[in-house]
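For the sequence shown, my numbering assigns the number 18 to the initial residue and increments by one for each residue that follows.
Glycine included, every Cβ here is placed at the ideal spot set by N, Cα and C.
No experiment lies behind these values; they were computed from the predicted model shown.
Worksheet: the structure to be examined is printed underneath.
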Amino acid sequence: MSNKVIHEENDVLHSLIINNIPENSMDMEVLQQLFINLSAITSDGNFKPVVIRSRGDNFSMGYDCSCHLVKDNDFLLSVVSLGTGIMQLIRNYEAPVVSYCKGFTLGAGLELTLISDYSVGEKNSKYGLPDILFNFPSIIIPPEGMRHFISGNTVKELATGRILTFNESLEHGIIFRDGNLQDAENMATSLNNTFFRRIKGSRFMKNEIIKAYAHHIETINTKTIRLKELESFRQKLRETA
């Protein structure tokens with residue numbers, strides 16, 4: 018297994034760095050390594066804050082379009098199980114998790130940002146769920162639980178598949194502030210752990226929603242997922258950025 022997620026640690030925080038350029042796509046290896054690293058971090062008892070970031074120009078443009086295995090319901094369910102598992106690890110961690118976004122933050126990349134406790138983005142960053150237009154399902158946040166992280170109006174806006182600018186995303190509460198990596202790290206270490214222990218549970222949906230979504234994934238018609246078109250769409254975004 019290649020090192021697609023790099024874990025760095027210093028005296029005050031953990032950094033998880035997605036290293037799957039140019040798109041930093043969330044393939045099975047990235048999800049597995051995020052899960053493994055978060056499992057280790059959340060179980061070591063030190064409760065240092067975590068910053069999730071990436072190498073290259075983009076935070077993440079979503080799940081890997083070259084992975085045609087997602088058209089198998091059982092494989093897709095394993096992907097979703099990893100994604101929702103990552104969400105639950107972040108929910109249960111007793112310290113802040115901060116996402117630092119740049120370039121495109123789309124699909125599963127946006128979902129990862131939304132489940133973080135706080136997010137910092139560069140002013141040229143863009144956000145969206147264009148996967149919806151190509152019938153690619155959410156792999157981290159069950160759609161019914163999306164309103165636990167953003168407003169109903171924002172959910173409706175994202176459901177159009179439109180790519181939002183940084184300022185639009187800031188207005189919608191998708192991103193919290195602009196800044197660079199140092200700003201994100203400073204924010205992570207300045208947030209109050211006790212405060213986050215009290216409020217984190219309220220930001221996440223009941224396990225019944227996760228179970229119902231898993232059942233939905235088992236039964237959806239995966240033949241309608243248009244991976245090649247989604248891949249071409251992302252390529253055009255990168256070429257015109």
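Can you tell which of the options has its C-alpha closest to the C-alpha of residue i?
i, options, result
"I242", "V67, L55 and Y80", "Y80"
"G102", "G124, E128 and S77", "E128"
"F250", "F183, R179 and T236", "R179"
"E188", "E202, N203, S168 and N197", "S168"
"S142", "I234, N224, D74 and K65", "D74"
"S98", "I157, E248 and M78", "I157"
"Q12", "S56, A201, K65 and G124", "The displayed coordinates of the chain run from 18 to 258. Any statement about residue 12 would go beyond what the structure contains."
"T257", "T130, G120 and V137", "G120"
"V47", "G196, Y230 and M78", "M78"
"D61", "E26, H85 and D148", "E26"
"F76", "N170, L208 and V115", "V115"
"I192", "F183, Q199 and L198", "F183"
"V29", "P39, F52, T59 and V67", "V67"
"H165", "S186, L131 and R255", "L131"
"E139", "F52, E185, H233 and G196", "G196"
Checking the sheet assignment: what are the DSSP bridge partners for residue i?
i, result
"E25", "S32"
"Y117", "V137"
"S77", "T122"
"I69", "L33 and S116"
"Y194", "Reading off the sequence shown, one finds Arg at residue 194, where the question assumed Tyr. Its beta-bridge partners are V137."
"M43", "Y80"
"L129", "Beta-bridge pairing links L129 to no other residue."
"L181", "Y144"
My assumption, with CB atoms under 8 Å, is that residue i sits in contact with residue j. Please give the rounded CB distance.
i, j, result
"N109", "S71", "Contact doesn't hold; Cβ gap of about 24 Å is too wide."
"D89", "T206", "Actually they are not in contact, since the Cβ atoms of D89 and T206 sit about 42 Å apart, beyond 8 Å."
"P159", "I227", "6 Å"
"A176", "M43", "That belief does not hold up - the Cβ atoms of A176 and M43 are roughly 20 Å apart, past 8 Å."
"Y135", "L181", "The pair is not a contact, with the Cβ atoms about 18 Å apart (cut-off 8 Å)."
"N63", "H24", "Incorrect: roughly 13 Å between the Cβ atoms, too far for contact."
"H85", "L244", "6 Å"
What would DSSP say about residue i, mapped onto helix, strand or coil?
i, result
"L146", "coil"
"M204", "helix"
"R164", "helix"
"M222", "coil"
"D91", "helix"
"G62", "coil"
"A229", "helix"
"A258", "coil"
"I38", "coil"
"E248", "helix"
"R243", "coil"
"E111", "coil"
"S98", "helix"
"S19", "coil"
Apply the 10 Å Cβ neighbour rule to residue i and answer buried if 16 or more other Cβ atoms are within range, or exposed otherwise.
i, result
"A112", "buried"
"T122", "buried"
"A31", "Looking at the sequence provided, one finds His at residue 31 rather than Ala. Classification for H31: buried."
"Q50", "buried"
"S155", "buried"
"A201", "buried"
"S19", "exposed"
"E174", "buried"
"V87", "buried"
"D91", "exposed"
"K21", "buried"
"N209", "exposed"
"S133", "buried"
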